Structures are given as structure tokens and as C-alpha cells.
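Remarks on the structure that follows.
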Amino acid sequence: MTEVTQPALTIDALGKKCPIPIIMLAAQINHVPLNAVVAVLADDPAAYTDVPAWCRLKSHRHVGSYELPEGGWAIHVRRNY
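Each residue of the sequence shown is one higher than the one before, starting from 1 at the first, in full-length UniProt numbering.
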């Protein structure tokens, strides 16, 4: 079993449609230290693919997407710069 890194910041975007979760992530990722993890909580299916795509576009690292018991995902992003 892979150990999940504890996020330095959790962004609650549950109930928000894309691109709002990405806008929230972009606005807050620089508030955590380099190499720290930001968890984006989202239940819009578009966020499941859009957040990892944003990571590739912006050269941050998509660590993983983890299903939430109440529905949706915790999408973990590592700040690279």
C-alpha cells in the first residue's frame, strides 16, 4: 500500500464545477512550501481529469487521486516551483 503524503493545504471545491477547482488551486498553490502537497477536494467529474492536466501544463506533479467516502476525490498535487 502506498503511503499518502499529508497535505499542507486542503482546498474544498466540493459542489463547484470546473474550472472553479483549478482556479482555486492556481490561486493557492504558492501558499505552500516547495514540494508540499495540496489536496483539492472535488466532485465534478471534469476535475478528475482537468486537475492532472493542469499539473502537466504548469509543471507541478499530480501525486494521485483518492476516492472520498462521501463521493468525489481528494486530488493531490505537489508544488514543484
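Where is the CB? At the ideal position from N, CA and C, for every residue including glycine. Fair warning: this is a prediction, and the values are worked out from it, not measured in the lab.
Exposure of residue i, with buried meaning 16 or more beta-carbon neighbours within 10 Å
i   : result
A53 : exposed
A26 : exposed
D50 : buried
H76 : buried
Opening and closing residue of the beta strand (DSSP E) in which residue i lies
i   : result
L68 : It is not in any beta strand (DSSP E) - L68 carries neither H nor E in the DSSP assignment.
T10 : L9 to D12
Cut-off 6 Å between Cβ atoms - residues of its own chain near residue i, not counting five sequence neighbours on either side
i   : result
T10 : A39
Neighbourhood of residue i by C-beta distance below 8 Å, restricted to the same chain and skipping five residues each side
i   : result
N80 : L34, N35, S59, H60 and R61
*Please list the segments of the beta strand (DSSP E) lying wholly inside the region 16-69, counting only runs of 3 or more residues, in order along the chain.*
37-42 and 61-67
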